Every structure is written in C-alpha cells, then in structure tokens.
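Using my numbering, the letters of the sequence shown map in sequence onto residues 1428 to 1814.
All C-beta atoms, glycine included, are put in the ideal place defined by N, C-alpha and C.
Just so you know, these numbers come straight off a predicted model, no measurement behind them.
Structure first, then comments.
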Amino acid sequence: MKIAERMSLVSPSATLKLTSKAKEMKAKGLPVISFGAGEPDFDTPEVVKEEAIRCLKAGFTKYTPTSGIPELREAVCKKFSEDQGLAYKPENVVISCGAKHSLYNLIQVLCDPGDEVLIPTPYWVSYPEMVYLAGGKPVMIPTMQSEGFRLTAERLKAAITPKSKILILNSPSNPTGGILEEKDLKAIAEVVLKTNLILISDEIYENYLYKNLKHVSIASLAEELKKRTFIVNGMSKSYSMTGLRIGYLAGDAEVVKKIGILQDHSTSNPTSISQKMAVAALALPKTYRSQVLAIFDKRRKQMLDLLLRAKGFKAFEPEGAFYVFCDIQGTGMGSEALCEELLEKENVAVIPGKSFGSDRHIRFSFASSEKDIQEGVERIIEWARKK
Ligand SMILES: *Cc1c(COP(=O)(O)O)cnc(C)c1O
C-alpha cells in the first residue's frame, strides 16, 4: 500500500522497542533486569486511584471540554504560581493526552514546512520525529559530557539561521540527566531575545533534581521570555501516572486556543477520569514529591558507585531526571551492538544512545529497585571484566 511520504521520515521509538523485547524475554522466564524504563516504578498514589473509582461510580464518563475541565486548568495555574511563581490564567493552559501530546500539538501549531527547530543533542527521541511530522527541519546543536551536557550560548548562536523558529529545552534532561541552571538559562535567554526564537521548555522532570539543586524555568527569568515560552509538563513522571495520559502546557493564549481547535478535530478531550485524577494528584502535599525524590537519589548514588567498577563505562553524574547517561567508548562497541549483547548475554536491558543522537553512550534508568540495580550492574561489571 502506498503510505504517505511524511511517514518515511520517522522511525519507531527505540526506547519502546527495546523495552518490549525485554518484556517478551521476561515473559519467557528469563531473569531479565531492565534499566530501560522511562517511568517511575512506584504505584500511582492511593488517593488518586480512589478518585478514579469515585468518578466512575458518579458517571463522570462523558465528553469534557476539549482543552480540559476548568478545575484542572485552574489547578495547573495554581501549581505554576506556587512552584515557580509564574502567573497564568486558565486561557493560557491546555490539557492534552500526555506531555508528548502537548509537544506534538504545539509543534503542529507553530511549525511551518521549512521552519528550523533547534534541538540540543543528546535529545529525547520524539522531538525530531515531531518536527518531521510537521514538515519542519530539526537542527541538532551538540552538547558535551565534559560541559555537563549544557547548551552554551556560543553553540546556540552558531546554529541559528534566518529560518530558525523554535528552540526546545529539556531541563532536567532525558536522556542525559543534565540540567540548565539559572546562569545557563540567562546566557541562552540573551540569545533568544535577540533572535526572536520561540521557546519550548519541556519540564516533565522538574520534580527530579538532586544535590539540593532547584528547578528553574526559563519563563521565570523575565516577562519578555515568559511571553515567548511554552512550558510543557505532565502527570506521568512526577506522580507515577504514565498510563493515565495527562499532560499540559502553558503559554500564549492565542496558540493555546489553536491547540484546542487541533484537539477538537483529533483527540477531543483527554480521558475524563484521568483529568479528575490529575486534579487529585496536584492537590497532594508537597511531601509526596520529596519522599519520591529521596528514594531516587539513593538509587542514583548506588548506580553511579557501581558503574565506577565497570571497565570501559564512563558515567555522567546526573543532576536531574532518573537516568545515567554513560560513555561507552571504552568498550570499543557501538551503542546498539552493546545493548544487544548485554540483553542477550546478560539479560540486562539498557537503551542505546544512538536513538538519542549519541552512539557513544547508553542510557540506564534507575527507576528500578535497589536489588535490581545491584544485580543488573554487577552483571555488566562481570561482562566487562571478562571481555
Ligand atoms: C516521558 C517524557 C515525556 C512525555 O511524557 P508523557 O507520558 O507523554 O506525559 C516528554 N518529555 C520527556 C523528556 C520525557 O521523558
């Protein structure tokens, strides 16, 4: 069958592919340990699940307003105001079926064919594909492990052309675990304001910053920046609600309205019950998030300590998110061959960096138990020793 041309530019999500292979092997009874997961391993909070039951019983199972129920849009505004001191009105907020959907919609609404979208590399797998699907051109900007994977003003300037329209920031970053601190953001902001770029700030890992670092959104630096920035966030990573598919974005009201229209003709509203669950989750005491963070920080340290003993692996110490991005040049293998070998020989699933734009790295998720981290990395240490 003749398939539309635009699909030839996009590839299947490598993350999902490898994790599904690992799941298959596990189902066959193999002792698979997976560091592939891009989701917290905790259960969804109990009060959030109870809200779903309550909604079902009350018959809250019909269409809602396309852009989200008013109480959720208001809860999102309250969150931005309390956590980041950012003032948004409900008309600046649209609820979508996951942050991925928020990003997809945003790029569809902003990007014309030929527009260039600047993407710091390593990047989250879906950014370039979303740009291709909108007919735009992704332009990769390198960042270096030795520089903490921070986007510098110099590299940003070097990538800008008259066609540059959007810059995507993702701090804390998936896959690197790198963050952009206020001083980094200020340097980037200076370039952005001079060149009229639109900013998309993917802040889905805002809850996961270590070493007492605080999350800063570029939108909070100046009113001029806030006007040009779209903050994307969602319930998946902060509240273990990946399957419930609620994401949101905040920014310019005109663009937000257009996204509502796009949803009118594509998905309609995000799932009614999930929206109510999101309201319940956003009302949880802040201690919920700090408790989760403490557990992840312990795992982060454990994984880093263990990886020090793996010959040929040079881990980048993450300051945020829940991944360890690891230089594997010392193994003499490419990322895909290495991940295949680790899965087949050691039953350990790790994601090849190639899908994030760096074949010199692999990505470990530490969203798994301490027991699994211990055993899984020990298998890799042993594999590297024998090699
Ligand atoms: C997980 C993730 C998302 C999307 O999350 P949703 O489940 O769609 O809300 C977006 N950006 C990054 C960087 C992610 O890791």
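Should residue i go down as buried or exposed, given a rule of 16 or more other Cβ atoms within 10 Å for buried?
{"i": "LEU1537", "result": "buried"}
{"i": "GLU1500", "result": "One detail in the question is off: residue 1500 reads as Arg in this sequence, not Glu. Per the 10 Å Cβ criterion, buried."}
{"i": "ALA1449", "result": "buried"}
{"i": "GLN1756", "result": "exposed"}
{"i": "SER1782", "result": "buried"}
{"i": "ILE1460", "result": "buried"}
{"i": "THR1488", "result": "exposed"}
{"i": "ASN1623", "result": "exposed"}
{"i": "GLN1718", "result": "exposed"}
{"i": "LYS1664", "result": "buried"}
{"i": "PRO1555", "result": "buried"}
{"i": "GLU1630", "result": "buried"}
{"i": "THR1588", "result": "exposed"}
{"i": "ILE1688", "result": "exposed"}
I need the straight-line Cα distance from residue i to residue j, nearest angstrom please.
{"i": "SER1796", "j": "ASP1468", "result": "8 Å"}
{"i": "SER1785", "j": "CYS1482", "result": "45 Å"}
{"i": "LEU1648", "j": "ILE1778", "result": "35 Å"}
{"i": "SER1644", "j": "ILE1627", "result": "11 Å"}
{"i": "ALA1677", "j": "LYS1455", "result": "44 Å"}
{"i": "LYS1813", "j": "LEU1443", "result": "30 Å"}
{"i": "HIS1692", "j": "ASN1532", "result": "12 Å"}
{"i": "VAL1558", "j": "PRO1517", "result": "27 Å"}
{"i": "ILE1546", "j": "MET1567", "result": "5 Å"}
{"i": "VAL1682", "j": "GLU1767", "result": "43 Å"}
{"i": "ALA1680", "j": "ILE1808", "result": "52 Å"}
{"i": "PRO1439", "j": "ASP1539", "result": "23 Å"}
{"i": "LYS1610", "j": "GLU1477", "result": "42 Å"}
{"i": "TYR1515", "j": "SER1508", "result": "8 Å"}
{"i": "PRO1492", "j": "SER1667", "result": "25 Å"}
{"i": "ILE1430", "j": "GLU1451", "result": "29 Å"}
Which residues in the same chain have their Cβ closer than 8 Å to the Cβ of residue i, if we skip the five residues on either side of it in sequence?
{"i": "PRO1599", "result": "GLY1605, ILE1606, TYR1632, GLU1633, TYR1635, LEU1636, HIS1642, PRO1745, GLU1746, GLY1747 and ALA1748"}
{"i": "LEU1640", "result": "ILE1606, GLU1608, GLU1746 and GLY1747"}
{"i": "ALA1580", "result": "ALA1614, ILE1615, GLU1617 and VAL1618"}
{"i": "TYR1490", "result": "SER1695, ASN1696 and SER1699"}
{"i": "ASP1724", "result": "TYR1637"}
{"i": "LYS1453", "result": "VAL1459 and SER1461"}
{"i": "LEU1733", "result": "ILE1800, GLN1801, VAL1804, GLU1805 and ILE1808"}
{"i": "LYS1584", "result": "VAL1618"}
In chain order, what residues of the same chain have a beta carbon less than 6 Å from the beta carbon of residue i, not counting five sequence neighbours either side?
{"i": "ILE1700", "result": "ALA1479 and CYS1482"}
{"i": "ILE1503", "result": "The question names Ile, yet the displayed sequence has Val at residue 1503. Hits under 6 Å: VAL1520 and TYR1675."}
{"i": "PHE1576", "result": "THR1570, THR1603 and GLY1605"}
{"i": "VAL1475", "result": "MET1704, ALA1707 and ALA1708"}
{"i": "THR1548", "result": "MET1567, PRO1569 and GLY1784"}
{"i": "ILE1496", "result": "GLN1702"}
Give every residue of the same chain whose Cβ lies closer than 7 Å to the Cβ of residue i, excluding the five residues on either side of it in the sequence, and list them in chain order.
{"i": "LEU1720", "result": "ASN1634 and TYR1635"}
{"i": "GLY1739", "result": "ILE1755, GLY1757, THR1758 and ALA1811"}
{"i": "PHE1791", "result": "PHE1462, MET1730, TYR1750, VAL1751, CYS1753 and VAL1777"}
{"i": "TYR1715", "result": "PRO1472"}
{"i": "GLU1773", "result": "ARG1806, ILE1807 and TRP1810"}
{"i": "ALA1646", "result": "LEU1513, SER1628, LEU1652, LYS1653, THR1656 and ILE1658"}
{"i": "GLN1572", "result": "PHE1743 and ASP1754"}
Which parts of the stretch 1578-1638 are runs of the beta strand (DSSP E), unbroken and 3 residues or longer, counting only runs that do not cross its ends? 1591-1597 and 1625-1629
Could you tell me whether the stretch 1726-1744 touches the stretch 1510-1530, using the rule of 3 or more Cβ pairs below 8 Å? Proximity of the stretch 1726-1744 to the stretch 1510-1530 falls short of the contact definition, fewer than three beta-carbon pairs being nearer than 8 Å.
Could you name each continuous beta strand (DSSP E) segment of 3 residues or more that falls completely within the stretch 1744-1790, going from the start of the chain to the end? 1750-1754
Could you say if the stretch 1459-1475 and the stretch 1582-1597 meet the contact criterion of at least three C-beta pairs nearer than 8 Å? no
For the stretch 1651-1671 against the stretch 1561-1570, are there 3 or more C-beta pairs whose distance is under 8 Å? no
Could you name each continuous alpha helix (DSSP H) segment of 4 residues or more that falls completely within the stretch 1676-1715, going from the start of the chain to the end? 1680-1691 and 1699-1709
Those runs of the alpha helix (DSSP H) which lie wholly inside the stretch 1448-1520 and span at least 4 residues: 1473-1484 and 1497-1511
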